[in-house]
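Here is the structure we will look at, set down as structure tokens.
Number of protein chains: 2
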Amino acid sequence: MRTSIAPRVSFKAQMLKVREDAIIQVVNRLLAEKGFDAMTVDEVAAGVGIAKASLYKHFPSKEDLAAAAMVKVMRQAQDMCASLPDDAPPLENLRAVTRWTMALKLAGDMPSLPSQNSTLRATLMANHDYMDGLIEVSDRLGAWIEAAQAQGSISKDLPAIAVLYTLYARACDPVLEFLKMGGQYSDEQIITLVMSTCFDGLNARTAPADTAAPTA
Amino acid sequence: MRTSIAPRVSFKAQMLKVREDAIIQVVNRLLAEKGFDAMTVDEVAAGVGIAKASLYKHFPSKEDLAAAAMVKVMRQAQDMCASLPDDAPPLENLRAVTRWTMALKLAGDMPSLPSQNSTLRATLMANHDYMDGLIEVSDRLGAWIEAAQAQGSISKDLPAIAVLYTLYARACDPVLEFLKMGGQYSDEQIITLVMSTCFDGLNARTAPADTAAPTA
DNA sequence: GTCTATAATCAGATAGAC
DNA sequence: GTCTATCTGATTATAGAC
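The listed protein sequences derive, respectively, from chains D and X.
Each step along the first sequence adds one to the number in the working numbering, with nothing skipped, and position 29 is 30.
Each step along the second sequence adds one to the number in the working numbering, with nothing skipped, and position 108 is 109.
See the structure below:
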């Protein structure tokens with residue numbers, strides 16, 4: 002994406018970026034653990050190991066803190082999509098992205114935002130980095146969805162937008178945490194299970210798939 | 002459940018119950034709209050039309066307000082389950098409960114709780130009415146799930162607990178609100194769509210089902 | 001830029017009269 | 001039980017020295 006020629010950045014600027022990356026990492030973890038409303042700026046400052054006032058030199062508000070974390074995750078999603086071979090079967094790419102999303106959540110690296118919070122929504126929708134990323138990812142997934150439907154690997158009865166939302170919703174699926182809390186299944190097994198319910202549904206399959214879930 | 006003999010309740014007690022029902026209704030609506038954290042006790046008081054201090058004569062804390070709303074919904078769920086014929090195909094009963102849950106959410110009557118909030122969780126888990134209801138509903142659904150798996154209408158590859166969680170998760174599925182926000186589909190169409198993704202999955206079906214989703 | 005100290009505000013909960 | 005008025009604590013954000 003970015004040119005690798007002449008990274009003319011001062012030492013100070015580099016230090017600043019490192020510091021901000023550390024902040025974002027803490028924010029990301031706290032957002033995943035407790036969500037936006039329960040996360041306090043004091044906790045973030047304590048987690049980074051700097052004073053709260055210093056935080057506000059980097060980010061003008063709590064909302065912007067969360068937005069920065071979301072932008073980082075969105076960038077990762079863009080990179081993930083870009084890394085997939087465009088000549089692969091579209092269904093396989095969709096499955097790979099869905100797996101990646103759920104693995105991120107199970108690892109505690111998926112920030113969870115309340116969809117109702119209006120001030121946060123406003124900040125996020127005003128953030129071009131975030132919105133551009135969201136649109137790019139949606140376009141790419143949308144193209145794969147339509148291609149998969151055209152070749153008959155995703156149901157043609159479903160509007161593409163419903164398929165897209167269903168995949169996005171895996172990023173905040175409570176089934177993942179419920180199964181993890183039970184402690185009965187490994188992260189890999191949980192992902193396999195939810196992949197199965199997502200793509201194959203709960204109904205019995207007439208022909209047993211080779212991607213069958215663990216039976217324990 | 003309760004005996005209908007000699008409802009010996011004073012007029013005052015009746016008035017109190019009416020008032021508390023009104024409170025719970027407001028709480029329910031606000032929980033569905035904004036969630037627990039964003040809901041303020043002042044809003045509840047304003048919605049009911051009484052002073053905040055009066056609220057605290059009825060419920061000792063904000064958490065108990067939310068718990069009361071949850072108990073009410075849980076009771077409704079118990080009644081819904083009890084109303085289903087026990088000799089019907091178990092899959093049909095499961096589908097009926099899932100439909101009912103999503104209709105409740107689309108109507109704005111499904112309180113949304115942050116699964117991370119610890120004080121709320123504690124209050125809820127200490128509430129016997131709620132926990133008893135949850136256990137009864139889970140037992141009933143669990144029995145239907147196992148029966149459906151035994152007769153081959155729900156996949157035997159999935160642990161029953163995973164199926165149960167997947168059904169519960171429909172109560173807070175963001176796909177419902179996303180599709181509703183789009184304004185392109187009616188509530189009925191949305192429910193049909195999500196029912197399809199839930200039970201049939203995203204994959205193409207070899208044999209087209211008669212419960213196919215709208216194609217627009 | 002980082003800090004300590006402090007504003008400013010908001011929300012949950014309570015006191016006390018009636 | 002309901003009210004007005006208030007307390008208390010937590011939290012976002014800022015002032016101002018260094």
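Backbone N, C-alpha and C fix where the C-beta goes; we use that ideal spot for every residue, glycine too.
Gly36 of chain D and Ala68 of chain D have their C-alpha atoms roughly 13 angstroms apart. Taking a C-beta distance under 8 angstroms as the contact criterion, Val72 of chain X and Asp22 of chain X do not qualify as a contact pair. Boundaries of the alpha helix (DSSP H) harbouring Asp65 of chain X: 63-83, taken from the DSSP string. Asn94 of chain X is bridged by DSSP to nothing; it lacks a bridge partner. Leaving aside the five residues that flank Ala148 of chain D on each side, the residues in its chain whose CB is nearer than 8 angstroms to its CB run, in chain order, Pro91. Exclusion of the five residues before and after Val138 of chain D leaves Met75, Ala78, Gln79, Cys82 as the residues of its chain whose Cβ lies within less than 8 angstroms of its Cβ. Taking C-alpha positions only, Ala46 of chain D is separated from Ile155 of chain D by approximately 46 angstroms. Taking a C-beta distance under 8 angstroms as the contact criterion, Ala54 of chain D and Ile25 of chain D do not qualify as a contact pair.
When secondary structure is reduced to three states using DSSP, Asn29 of chain X falls in the helix class.
DSSP places Ile155 of chain D within a strand segment (E or B) once states are collapsed to three. Nearest to Pro112 of chain D by alpha-carbon distance, out of D:Asn128, D:Val27, D:Ser84, is D:Val27. When CB distances to chain X are screened at a threshold of 8 angstroms, the residues of the stretch 23-39 of chain D falling below it are Glu34, Lys35, Gly36, Asp38, Ala39, in chain order. In the DSSP assignment, Asn204 of chain D forms a beta bridge with X:Ile155. The CB of Tyr166 of chain X comes closer than 7 angstroms to the CB of Val176, Phe179, Leu180 in chain D, given here in chain order. Per DSSP, the unbroken alpha helix (DSSP H) holding Ala47 of chain X starts and ends at 42-49. Scanning its chain for C-beta atoms nearer than 7 angstroms, with the 5 sequence neighbours on each side dropped, one finds around Glu44 of chain X the residues Leu31, in chain order. Per the C-alpha coordinates, the member of X:Lys157, X:Tyr166, X:Leu159, X:Val42 positioned closest to Leu135 of chain X is X:Tyr166. Per DSSP, Pro175 of chain X is one residue of the alpha helix (DSSP H) stretching across 175-183.
At a Cβ-Cβ threshold of 8 angstroms, Ile191 of chain D and Leu107 of chain D count as neighbours. In this structure, the alpha-carbon of Arg9 of chain D lies about 19 angstroms from that of Arg20 of chain D.
One finds Ser156 in chain X with Cβ atoms closer than 7 angstroms to the Cβ of Arg206 of chain D, taken in chain order. Less than 8 angstroms separates the beta-carbon of Thr99 of chain D from that of Cys199 of chain D. CA-CA distance, Asp133 of chain X to Ala123 of chain X, rounds to 15 angstroms.
Under the three-state reduction of DSSP output, Arg171 of chain D falls in the helix class. When the alpha-carbon of Ser62 of chain X is set against those of X:Gln15, X:Leu121, X:Met103, X:Ala104, the nearest one is in X:Leu121. For Leu56 of chain D, the enclosing alpha helix (DSSP H) has its first and last residue at 53-59. Excluding the 5 residues flanking it on each side, Leu177 of chain X has same chain C-beta neighbours closer than 7 angstroms at Met103, Lys106, Leu107, Ile191, Val195, in chain order. A residue is called buried once 16 or more other Cβ atoms fall within 10 Å of its Cβ, and Pro86 of chain D, having fewer, is exposed. For Gln150 of chain X, the number of other beta carbons within 10 angstroms of its own is at least 16, and it is reported as buried. When secondary structure is reduced to three states using DSSP, Leu114 of chain X falls in the coil class, being assigned neither helix nor strand. Against chain X, the CB of Cys199 of chain D has a partner CB under 8 angstroms away; the residue lies at that interface. When CB distances to chain D are screened at a threshold of 9 angstroms, not a single residue of the stretch 62-74 of chain X falls below it. Looking at the backbone, the Cα of Leu66 of chain D and that of Gly109 of chain D are separated by about 18 angstroms. The CB of Leu194 of chain X comes closer than 8 angstroms to the CB of Leu159, Pro160, Ala163 in chain D, given here in chain order. Taken through DSSP and simplified to helix, strand or coil, Gly109 of chain X comes out as coil.
Under the 8 angstroms criterion on CB atoms, Ser116 of chain X is classed as interfacial with respect to chain D.
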